[in-house]
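Here is the structure we will look at.
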Amino acid sequence: MRITLAQLEALVWVARLGSVSAAAQHLSLTQSTVSLRLRDLNEAVGRPMFARQGRGLRLTGDGITTLDHATLVLSEVEKLQHRSMQGTISGVVRMGVSEAVAMAGLPRVLEILRERHPLLRLDLAIGTSVDLERDLLAGRLDLALGINLHDDPRLRVLALGIQEAAWVAHPSFGLPERIRPRDLGHIPVLTNPSPSPMYQQTVNWFRTDGLTPQQISVSNSITVVAHMVSAGVGVAILPRRLVDADVVSGRVVALTSEPEIEQSRMSAAYRREDWRPALSTALRTFREVIDELAWLAPDGPGPRPALPDDPFADGDEAPTPTFPAAATPAGDAPPER
Numbered sequence: 017m018r019i020t021l022a023q024l025e026a027l028v029w030v031a032r033l034g035s036v037s038a039a040a041q042h043l044s045l046t047q048s049t050v051s052l053r054l055r056d057l058n059e060a061v062g063r064p065m066f067a068r069q070g071r072g073l074r075l076t077g078d079g080i081t082t083l084d085h086a087t088l089v090l091s092e093v094e095k096l097q098h099r100s101m102q103g104t105i106s107g108v109v110r111m112g113v114s115e116a117v118a119m120a121g122l123p124r125v126l127e128i129l130r131e132r133h134p135l136l137r138l139d140l141a142i143g144t145s146v147d148l149e150r151d152l153l154a155g156r157l158d159l160a161l162g163i164n165l166h167d168d169p170r171l172r173v174l175a176l177g178i179q180e181a182a183w184v185a186h187p188s189f190g191l192p193e194r195i196r197p198r199d200l201g202h203i204p205v206l207t208n209p210s211p212s213p214m215y216q217q218t219v220n221w222f223r224t225d226g227l228t229p230q231q232i233s234v235s236n237s238i239t240v241v242a243h244m245v246s247a248g249v250g251v252a253i254l255p256r257r258l259v260d261a262d263v264v265s266g267r268v269v270a271l272t273s274e275p276e277i278e279q280s281r282m283s284a285a286y287r288r289e290d291w292r293p294a295l296s297t298a299l300r301t302f303r304e305v306i307d308e309l310a311w312l313a314p315d316g317p318g319p320r321p322a323l324p325d326d327p328f329a330d331g332d333e334a335p336t337p338t339f340p341a342a343a344t345p346a347g348d349a350p351p352e353r
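Numbering-wise (the numbering used here), the sequence shown opens with residue 17 and increments by one.
Spelled out as structure tokens, the structure:
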């Protein structure tokens, strides 16, 4: 029996998403079709790709080896399709974006993609950078744009720039133009939950003076935090571009702080083995919109890092794919040989 691209595609997506049912949904197929393709691949290779582990599935040693080859084969096929279609971009990219920049830029991103690439679809998730990074590593996202993302050998992390931030308060608090940690000791502090970058910025700034906030309230939504600040509920570290209009109108004031707030570096990240033209197009469009909005400041002197057309163009060898252990719902049994 010959090995087919459909069989390799089934292997890759079951390994990546963790279950037959999730892979079937992603590929717009029935579970029985995906299971059949895996069974045929088992027969073609002569060995099983998955084995039972409790209620889930795990890749066998032969499955890991085959997955490595399958990932590279599908990547090359997609590149070939991209060239043959003369620039037509299609497919689905599951993209996660931090909330502040999503509010400012996502409508424009979607508008551009509809105009230029009508066959490309974004499945969007809005959340904190910590949650987005976790979902990317777990295979639930293809691309994440967030703040202070961590270097990880499984990911490629591309610096985009600095999201400038400031302490923001309602004018009624009567705070000095330049504030120190002791100046905020009596005022409620608002932030995202730990261990978000916003929370770390907040507590680390107070720690420079040996202090902790007397009253700290958290919300997963940075826009809720900004609304509460404009209502005079408390103070918060917020992206400057998010509150520009409120500062100009006088609803809030942006304060200079001493010491300076830790920088918020915005980055894009994707799994090292998952380069696709559709992913590259989504990322380039997002940076185009960020540039239009002047949302980010340069991260140091010199030109910004280029966004690669091919993540292996710098001479890297294709990495061995790593995937989360499959936590498979009941009924996702490994295909029989």
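Where is the CB? At the ideal position from N, CA and C, for every residue including glycine.
Any idea which residues DSSP pairs residue i with across the strands?
| i | result |
| --- | --- |
| isoleucine 253 | Trp183 |
| alanine 160 | Gly112 and Ala285 |
| threonine 269 | The identity of residue 269 in the sequence shown is valine, whereas the question assumes threonine. According to DSSP, valine 269 bridges with Ala185. |
| leucine 138 | Val109 |
| isoleucine 178 | Arg281 and Ala313 |
| arginine 194 | Thr272 |
For the putative contact between residue i and residue j, defined by C-beta atoms under 8 angstroms, what is the C-beta separation to the nearest angstrom?
| i | j | result |
| --- | --- | --- |
| valine 36 | valine 50 | 5 angstroms |
| valine 109 | leucine 159 | 6 angstroms |
| aspartate 315 | alanine 175 | 6 angstroms |
| alanine 40 | threonine 46 | 6 angstroms |
| methionine 214 | isoleucine 232 | That belief does not hold up - the Cβ atoms of methionine 214 and isoleucine 232 are roughly 11 angstroms apart, past 8 angstroms. |
| valine 184 | alanine 270 | 5 angstroms |
| leucine 90 | leucine 135 | Contact flag wrong, Cβ pair sits at about 18 angstroms. |
| leucine 206 | valine 259 | Their Cβ separation, rounded to whole angstroms, is 13 angstroms, which puts leucine 206 and valine 259 out of contact at 8 angstroms. |
| isoleucine 277 | glutamine 217 | 6 angstroms |
Tell me the rounded alpha-carbon separation between residue i and residue j.
| i | j | result |
| --- | --- | --- |
| arginine 32 | aspartate 225 | 46 angstroms |
| alanine 86 | threonine 228 | 52 angstroms |
| leucine 142 | glycine 112 | The amino acid occupying residue 142 in the given sequence is isoleucine; leucine does not appear at that position. Their Cα atoms are separated by approximately 6 angstroms. |
| valine 268 | aspartate 262 | 6 angstroms |
| glutamine 102 | leucine 148 | The pLDDT assigned to glutamine 102 is 48, lower than 50, so where the model puts this residue is not dependable; a value taken from the coordinates is nonetheless given after this. C-alpha separation (whole angstroms): 33 angstroms. |
| serine 265 | alanine 120 | 18 angstroms |
| isoleucine 80 | alanine 285 | 24 angstroms |
| tryptophan 291 | tryptophan 311 | 26 angstroms |
| valine 28 | serine 235 | 37 angstroms |
| valine 240 | alanine 247 | 11 angstroms |
| methionine 17 | arginine 53 | 12 angstroms |
| leucine 358 | arginine 300 | Nothing in the structure corresponds to residue 358, since the chain is present only between 17 and 353. |
Comparing C-alpha positions only, which one of the options sits nearest to residue i?
| i | options | result |
| --- | --- | --- |
| methionine 282 | Val240, Ala118 and Val251 | Ala118 |
| glutamine 179 | Gln47, Asn58 and Ser280 | Ser280 |
| arginine 137 | Ile163, Gly107 and Gly121 | Gly107 |
| isoleucine 195 | Leu122, Glu274, Leu96 and Asp78 | Glu274 |
| glutamate 308 | Met65, Arg124 and Ala67 | Arg124 |
| leucine 96 | Ala310, Pro293 and Ala313 | Pro293 |
| asparagine 58 | Gly70, Thr76, Gln69 and His42 | Thr76 |
| alanine 26 | His166, Val241 and Arg55 | Arg55 |
| proline 255 | Ile163, Val205, Thr82 and Thr104 | Ile163 |
| valine 251 | Asn220, Ile203 and Pro64 | Ile203 |
| histidine 166 | Leu122, Arg156 and Pro211 | Pro211 |
Inset, instruction - Kindly provide the ranges of any beta strand (DSSP E) runs that are 3 or more residues long and lie completely inside the stretch 42-126, ordered along the chain. - result: 66-69, 72-75 and 107-114
Inset, instruction - Could you name each continuous alpha helix (DSSP H) segment of 4 residues or more that falls completely within the stretch 198-224, going from the start of the chain to the end? - result: 213-223
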